[in-house]
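These protein sequence lines map, in sequence, to chains X, R and E. Start counting the first sequence at 292; every next residue gets the next number (the numbering used here). Start counting the second sequence at 77; every next residue gets the next number (the numbering used here). Start counting the third sequence at 23; every next residue gets the next number (the numbering used here). Cβ atoms here follow ideal geometry from the backbone N, Cα and C, with glycine treated the same way. Being a predicted model, the structure only gives us computed values, none of them experimental. Here the structure is laid out as structure tokens; the discussion comes afterwards.
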Amino acid sequence: MDAIASNAPLVVFIVIGTIAVAASFLVVMMRNPVHSALFLLLTFLCVAVLFVIKAAEFVAAVQVLVYAGGIMVLFLFVVMLINVRHLPDEKMTTSYTLGGIGVGVAIFVLFFAVVRTGAYHDEAPNAAKKLTTVREQVLTQHPTDPNKLVRKWRAKDNRNAEAIGMALYRDYLVPFEVASLFLLVAMIGAIVIGKRELSALEEETAPDYMLERVETEKEVKDLVNAN
Amino acid sequence: MTYSYLPILILLFVAAVLGAVFLSLNWILGRHQRNPSKLSPYESGVPLLDENRKRVNVRFYQIAMLFILFDIEAAFLYPWAVIYRSMISWYLFGEMLLFILLLGVGYVYVWKKRAFDWK
Amino acid sequence: MPFDATDIGLSILKIAIVLFMMLNITPIMVWVERRGSALIQDRPGPNRVGPFGLFQSFADALKFILKEDIVPAGAHKWLYTLAPAVGLFPALTTIAVVPWGRDFRLPEKVWFGHRFFEGRPLFEPVIANVNAGILVVFALASLAVYGIVIAGWSSNNKYSLFGGIRASAQMISYELSLTLAAVSVLLVAGSLRLTDVVWEQTKYFVLFDTIKIPAWNVFSPAMWIAFIVFSVSAFAETNRLPFDFAEAEAELVAGYHTEYSSMKFALFFMAEYMAMGTMSALVVTLFLGGWDIPWYNEPPTWQGFVLSALFFLVKVSVLLFVFVWVRWTIPRLKYDLLMKIGWKVFLPLAILNIVIVAAFIAAGWL
């Protein structure tokens, strides 16, 4: 049982890693874009499992929640509604394939060189400042009076979400607030995408009350009567 | 501690097996009499009228994008919520209030641009 | 040493119990739905098959298995069959992190000459008490969207496709208010694990130094908004009325499962009822005290466990009946109204509640 327990992470890693790599290959090899999107979904789910193996549970859950549950839904909306039929006469390999493989090999060599020497380990920004452990309050026996209970602070074992919270809201507060600005910009972008560009012909021929976006019947009547 | 996820994996496997069992049971025990009218798509009894797709409202894409953004906000809220009680201070509250207010500005903008209407 | 034979055996037992309960939800709820709706609509309901129509569900299940499995022409071969199974995954696995009873220490027993439960291990009636407890539920529930989207796309029917897309847009909109309403509860509990959430609720609020109210989250005024938002979003997530736009819409026929017949159709319904069960269990755990019996200190023995598990079951059953009750009472909303409410009303309410609860905790009142 011990042998299984200590090797289980490795076995799971090999299996899930293989599935993830194979799925990511299939993403670019499928002709039907919906198939590609679904294989990408599979890749994301496998990556989430790999996160769990490394005890990064919160990151795994957020990966599924945001990536697999949000971004892939957006991709699927786009792909399914645009309805691109697969083109049977599209070639699988083009003249760019060799260059693509070359770039892939170069990046792999780069990653390997960095990971092998362990150079990716960044030291804590301030080595003297360790990650504070999270505390919780518990009711324990009063030291002298057996009938009373007191609340004492006790260290809670650091779990992934708490550790991330500690780092994010103490050491990396400014990047966190800047992230909110990024999200704000993204929201504005999402609105801008929806703006309909009217072609010149439409500008001329559409009646005025159609160009305005109206909310109520009253506004429609006002605009019609104003012309 | 990561081993506590194993039962979830087992449950997933059981769900897959269950689905496969039910479907194959139906395949084995059900009839197989195909005729063209059964196989054609359902259009309230009228044969297939038009093939072209109408233009899709851009609202669906906007909603999906806004969902992603607010989901990321929720993902930031979770670690904050779990350390809040143990590191109680008005600073922590203020940090998150600032974050929510900044995103609230974006939310009000989206509201005013009427992106939440006409779904 | 992370696990040994006892842990595996107990895990399998827990999985078997929970699976048994989840698989029985569908037939029982079908009966409750039909008799309950009949009661509300002042008609008898099924009463031919067995006493009070109790065997109706078995008759339905038999019918589903024996019916012909039609795969429409032009439907995508693999995805059409996979879609109901994809819908089944989140429904069955999200129940894994919900605690359904009080933990207790197993007594040492000697059976057939072997000593069992040496060291009195703790029996936690949760299948997987993981650190990222409630996030696992939300993460897996967000995958439920794919069942609908793939089902709508793979049937070669543009009504199914549009029904599927609109239903998934509705689901992701309400998923936001669901997750944000739960953050308020997490603020009070201080941990993502649902067991910790329930343990927080076993305490008591003391009013005027005499009246002890169980500290269920539904009894604390700061959480009322979150309770309402979470419950309504639970209705929207499981595609139940008044949000069942996906299923019974006049302009899109039967929505995303128009082209499905027999067992695949039944699998969609099983997934829906199981999701209802899980959502009820979540509401009970987050707001109604989980397995806590009010004003009673459950002893840490197997009797306490059984009592608390029964109480949990009673609470979940009441909520499931409320699901049925709401279905036949409140009319369905128009789609754009639905989305408008989801984004304009529930989302700001959920965030407002988070701010309120955080302010209360910082001020020391909670």
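Give a yes or no on whether 7 Å exceeds the smallest Cβ distance from residue i to chain E.
i: Phe304/X; result: no
i: Ser342/X; result: The residue asked about is misnamed: residue 342/X is Phe in this sequence, not Ser. It does not; no Cβ of chain E falls within 7 Å.
i: Gly391/X; result: no
i: Leu87/R; result: yes
i: Glu468/X; result: no
i: Ala419/X; result: Here Ala419/X scores only 47 on pLDDT, less than 50, and its place in the model is too uncertain to base an answer on.
i: Ile104/R; result: no
i: Ala352/X; result: yes
i: Met371/X; result: yes
Taking Cβ positions only, does residue i come closer than 7 Å to chain X?
i: Trp365/E; result: no
i: Pro155/R; result: yes
i: Leu178/R; result: yes
i: Trp175/E; result: yes
i: Ala151/R; result: yes
i: Leu145/R; result: yes
i: Leu94/R; result: no
i: Val97/R; result: no
i: Asp52/E; result: Strictly speaking, residue 52/E in this sequence is Val, with Asp absent from that position. It does not: the Cβ of Val52/E has no partner Cβ on chain X nearer than 7 Å.
Should residue i be flagged as near chain R, meaning a C-beta pair shorter than 7 Å?
i: Ala481/X; result: yes
i: Leu474/X; result: yes
i: Asp91/E; result: yes
i: Ser283/E; result: no
i: Phe330/X; result: no
i: Gly262/X; result: Outside the displayed span of chain X (292 to 518) sits residue 262/X, for which this structure offers no information.
i: Gln223/E; result: no
Does DSSP put residue i in a helix, in a strand, or in coil?
i: His136/E; result: strand
i: Leu153/R; result: helix
i: Val346/E; result: helix
i: Lys131/E; result: strand
i: Val228/E; result: strand
i: Met214/E; result: It should be pointed out that residue 214/E corresponds to Leu in this sequence rather than to Met. Reduced to three states, the DSSP call for Leu214/E is coil.
i: Leu144/E; result: strand
i: Phe287/E; result: helix
i: Phe192/R; result: coil
i: Phe126/E; result: strand
i: Met371/X; result: helix
i: Arg407/X; result: helix
i: Ala244/E; result: helix
i: Phe267/E; result: helix
i: Ile86/R; result: helix
i: Leu165/E; result: coil
i: Gly72/E; result: coil
i: Ile383/E; result: helix
i: Lys180/E; result: helix
i: Thr201/E; result: helix
i: Ile373/E; result: helix
Note the first and the last residue of the continuous alpha helix (DSSP H) segment covering residue i.
i: Phe349/X; result: Glu348 to Val353
i: Ile164/R; result: Ile164/R -> no alpha helix (DSSP H), and no H or E assigned at all.
i: Arg56/E; result: Ala27 to Ile62
i: Pro106/E; result: Lys99 to Thr115
So residue i contacts chain E; which residues on that side make the cut at Cβ distance below 9 Å?
i: Arg190/R; result: What Arg190/R touches in chain E: nothing, since even the nearest Cβ is about 10 Å away.
i: Ala397/X; result: Simply none; closest approach about 35 Å.
i: Tyr164/R; result: Just to set this straight, residue 164/R is Ile in the shown sequence, not Tyr. Simply Ile383, Ala384 and Gly386.
So with CB distances below 8 Å, who are the chain E contacts of residue i?
i: Val355/X; result: Ala161, Leu162, Ser164 and Leu165
i: Gly182/R; result: Result: empty, since nearest Cβ-Cβ is about 12 Å, beyond 8 Å.
i: Phe403/X; result: Here the premise fails: no neighbours, minimum Cβ distance about 31 Å.
i: Val90/R; result: Ile37, Leu41 and Leu114
Applying a beta-carbon distance threshold of less than 7 Å, which residues of chain X neighbour residue i?
i: Val158/R; result: Ala452, Glu453 and Gly456
i: Leu168/R; result: Tyr460
Along the beta strand (DSSP E) that carries residue i, what are the first and last residues, could you check?
i: Lys234/E; result: Ile233 to Pro236
Can you name the residues of chain R whose CB is closer than 9 Å to the CB of residue i?
i: Ile484/X; result: Val134, Tyr137, Gln138 and Met141
i: Val205/E; result: Ala150, Leu153, Tyr154, Trp156 and Ala157
Along chain R, in chain order, which residues have C-beta atoms closer than 7 Å to that of residue i?
i: Leu336/X; result: Result: empty, since nearest Cβ-Cβ is about 11 Å, beyond 7 Å.
i: Ala477/X; result: Leu145
i: Ser471/X; result: Phe175, Leu178 and Leu179
Using a Cβ cut-off of 9 Å, pull out every chain X residue sitting near residue i, in sequence order please.
i: Ser190/E; result: Val364, Leu367 and Phe368
i: Ile194/E; result: Gly360, Gly361 and Val364
Residue i touches chain R at which residues, Cβ-Cβ below 8 Å?
i: Ala118/E; result: Pro83, Ile84 and Leu87
Applying a beta-carbon distance threshold of less than 7 Å, which residues of chain E neighbour residue i?
i: Val325/X; result: Trp175
>> Any C-beta of chain R within less than 9 Å: which residues of the region 341-374 of chain E qualify?
In response: Tyr357, Asp358, Leu359, Leu360, Met361, Lys362, Gly364, Trp365, Lys366, Leu369, Pro370 and Ile373
> What residues in the region 148-159 of chain E bring their beta carbon closer than 8 Å to a beta carbon of chain X?
Replying inline: Val152, Asn153, Ala154, Leu157 and Val158
>> Can you pull out the residues from the region 207-221 of chain E whose beta carbon lies closer than 7 Å to at least one beta carbon of chain X?
In response: Of all residues in the region 207-221 of chain E, only Gly212 and Leu214 place a beta-carbon less than 7 Å from a beta-carbon of chain X.
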